[in-house]
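S.K.: Residue numbers (our numbering), protein chains in the order written: chain A, 1 to 201; chain B, 1 to 180. I'd like to ask you about the structure that follows.
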Amino acid sequence: MSNFDDIVGREGLSADEEARLRRVHDLLVQAGPPPDLPPGLERPPTAPTEAEIVQFPLLPRRRWTLAAVAAIALVLLAFGGGYLVGHGKTKPTSFATKRVVPMHGGNAVAFLRVASKDSAGNWPMELEVNNLPTQSNRRAYYELWLTRNGKPAAPCGTFRVNARTTTVRLSVPYDFKRFNGWVVTRQGANDLEAGPVVLST
Amino acid sequence: MRLVTSDGELIQRAATGDHSAFEDLYHRYARPVFGLALRRLGDRGRAEDAVQETFASIWRSAASYRPERGPGAPWLYAVARNAIVDRARSRTEIPADIPDEAAADPGPSDRAEQGWVAWRVHRALEELPEREREVLALAYWSGLSQSEVAEFLSIPLGTVKTRTRAALAKLSDILGDELQ
């Protein structure tokens, strides 16, 4: 039933008021019913309580300036390229982000999303990199590191890129309080040490 | 007089890392985003993922919002649409045969118009008191007559009519320009 007379009726309404309510009625009919939210969407994906927030000692609030710059860069890249984020080609499904760490270097930007520590003591992470060049060598790759005093100190995983945006899932068991930043390095096929830094916090 | 914090203010606060502002935005827009994603993707699982990605994008990109360029709702709609289109694109396959006849489905501009209307209306519904929202839902989308709504809710028929008109009047105020 979606007849105005049946649902709202005209009795006691002025012509103006009837016209006003009828316009809303028509929009409701046009819009259709709002969907029921699935249980997984009842809470915001990034609404951590204070206790859940990952503490990065040397990534204080002022880093949000960098986050803003990186976000703007990403949006500019995105609109210029015809999409906002992600290429979809390598994008996994949803991720319960608790903290986002922006990184940048040259024309490239990245967002490291960190979830809550799991029961085994691992920090699940999702790294989205944009505009990193694809590897020239089939055995070359990139590597994410936690840094101490600006130097790569603990490896967090390796990955390759084959699109403008690449998203990979990683996991580390480290205590983040012992470190003070993140970098991504470019690794050659035979590199045993950390290579040149291409992205940093 | 409505004293609700505007979407634009919430986006600006979210840009500074204000989680409560972000949560307010989520509660206002989770359903409209999910609805938009469902329309476009036609699959609840993928739509759910699109909602997660949309809000991650909003969180990351909030600093790019410029209030002088317009209110928050269109900006949020653009972010959502991009995230959803991006997800749709990841599964788009080239059809083996080109159809002989034009599809009867609405064209892209019609779909965009319908999507925008649904977005604004579903967003506005979130601002209604629960008791008014449920009366509208039963009357408009459950196929019940006003008498059946009254019986279902165990309230007088006059109350159903009063709540229906009050809800429509509030929606009219909230939607504002949409009705011009």
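Quick reminder that beta carbons are idealized off the backbone N, C-alpha and C, glycines included. Nothing here was measured: the structure is a model prediction, and the numbers come from that model.
Rounded to whole angstroms, what's the CA-CA distance from A/V8 to B/L171? Just pull it up for me.
M.R.: Along the first sequence, one-based indexing puts residue 8 of chain A at 8. Along the second sequence, one-based indexing puts residue 171 of chain B at 171. One C-alpha to the other measures close to 14 Å.
S.K.: So B/A83 packs on B/E53, CB below 8 Å; how close in whole Å?
M.R.: Within the second sequence, the letter at position 83 stands for residue 83 of chain B. Within the second sequence, the letter at position 53 stands for residue 53 of chain B. Between B/E53 and B/A83 the Cβ distance is about 5 Å, and since that is below 8 Å, they are a contact.
S.K.: Quick one: Cα of B/L25 to Cα of A/A140, how far?
M.R.: Translated into the one-based positions of the second sequence, residue 25 of chain B becomes position 25. Translated into the one-based positions of the first sequence, residue 140 of chain A becomes position 140. Rounded to whole angstroms, B/L25 to A/A140 spans 42 Å at the Cα level.
S.K.: Taking the alpha carbon of A/A110 as the point to measure from, which residue in A/R138, A/R99, A/N122 and A/L127 has its own alpha carbon closest?
M.R.: To locate residue 110 of chain A, count along the first sequence from 1; it is residue 110. Looking at the Cα atoms, A/L127 is the closest of the given residues.
S.K.: Would you please state the rounded distance, in angstroms, between the beta carbons of B/A62 and B/V51? I believe it to be under 8 Å.
M.R.: Taking the first residue of the second sequence as position 1, residue 62 of chain B is located at position 62. Taking the first residue of the second sequence as position 1, residue 51 of chain B is located at position 51. Actually they do not touch by this definition, with Cβ atoms about 17 Å apart.
S.K.: By Cβ distance below 6 Å, which residues in the same chain neighbour B/P32 in space, the five residues on each side in sequence not counted?
M.R.: On the second sequence, residue 32 of chain B is found 32 positions in, with the first residue counted as 1. Counting only Cβ-Cβ distances below 6 Å, and skipping sequence neighbours, we find W119, H122 and R123.
S.K.: For A/N130, list the residues DSSP reports as bridge partners.
M.R.: On the first sequence, residue 130 of chain A is found 130 positions in, with the first residue counted as 1. DSSP output for A/N130 lists A/V109 and A/T165 as bridge partner(s).
S.K.: Can you grab the Cα-Cα spacing for the pair A/G195 / B/E130, in whole Å?
M.R.: Taking the first sequence and counting its residues from 1, one reaches residue 195 of chain A at position 195. Taking the second sequence and counting its residues from 1, one reaches residue 130 of chain B at position 130. Taking the straight line joining both Cα atoms gives about 58 Å.
S.K.: Closest to A/N162 by C-alpha separation, out of A/P133, A/V184, A/P155 and A/L146, would be which residue?
M.R.: As a working mapping, residue 162 of chain A is identified with position 162 in the first sequence. Per the Cα distances, A/P133.
S.K.: A/Y142 bridges to which residues according to DSSP?
M.R.: Stepping through the first sequence from its first residue, residue 142 of chain A is reached at position 142. A/F159 and A/R186.
S.K.: Going straight from the alpha carbon of B/A78 to that of B/G8, what length do you get?
M.R.: Here residue 78 of chain B refers to the residue found at position 78 of the second sequence. Here residue 8 of chain B refers to the residue found at position 8 of the second sequence. Cα to Cα, B/A78 sits roughly 14 Å from B/G8.
S.K.: Enumerate in chain order the residues of its own chain whose CB-to-CB distance from A/N107 is below 6 Å, with the five nearest sequence positions on each side excluded.
M.R.: One-based indexing of the first sequence puts residue 107 of chain A at position 107. Excluding sequence neighbours, A/N107 sits near N131.
S.K.: In terms of residue numbering, what span does the beta strand (DSSP E) encompassing A/L199 cover?
M.R.: What you label residue 199 of chain A is simply residue 199 of the first sequence in a count that begins at 1. V197 to S200 is the extent of the beta strand (DSSP E) around A/L199.
S.K.: Which residues in chain A have a C-beta closer than 8 Å to the C-beta of B/G8? List them in chain order.
M.R.: What you label residue 8 of chain B is simply residue 8 of the second sequence in a count that begins at 1. By Cβ distance, chain A contributes nothing, its closest Cβ being about 16 Å from B/G8, past 8 Å.
S.K.: Looking at C-alpha atoms only, which residue of B/R81, B/E126 and B/T5 is the closest neighbour of B/R40?
M.R.: By 1-based counting over the second sequence, the position of residue 40 of chain B is 40. The shortest Cα separation from B/R40 among B/R81, B/E126 and B/T5 belongs to B/R81.
S.K.: Listed from N- to C-terminal order along the chain, which residues in the stretch 173 to 195 of chain A have their beta-carbon within a distance smaller than 8 Å of any beta-carbon of chain B?
M.R.: For the stretch 173 to 195 of chain A, which is checked against every Cβ of chain B, not one residue is closer than 8 Å.
S.K.: Going by DSSP, name the residue or residues bridged to A/P102.
M.R.: Position 102 of the first sequence, counted from the start, is the residue given in the question as residue 102 of chain A. The partner list for A/P102 (beta bridge, DSSP) reads A/F111.
S.K.: Comparing alpha-carbon positions, which option in B/V135, B/P74 and B/A88 lies nearest B/E151?
M.R.: By 1-based counting over the second sequence, the position of residue 151 of chain B is 151. Among B/V135, B/P74 and B/A88, the Cα nearest to that of B/E151 is on B/V135.
S.K.: Mapping DSSP to helix, strand and coil, what is A/A120?
M.R.: Counting from 1 along the first sequence, the entry for residue 120 of chain A is found at position 120. Of the three classes helix, strand and coil, the one that applies to A/A120 here is coil, per DSSP.
S.K.: Along chain A, which residues have their Cβ under 9 Å away from the Cβ of B/A150?
M.R.: Start at 1 with the first residue of the second sequence, and residue 150 of chain B comes out as number 150. Result: empty, since nearest Cβ-Cβ is about 13 Å, beyond 9 Å.
S.K.: Does any residue of chain A bring its CB to less than 8 Å from the CB of B/T164?
M.R.: As a working mapping, residue 164 of chain B is identified with position 164 in the second sequence. It does; some Cβ of chain A falls within 8 Å.
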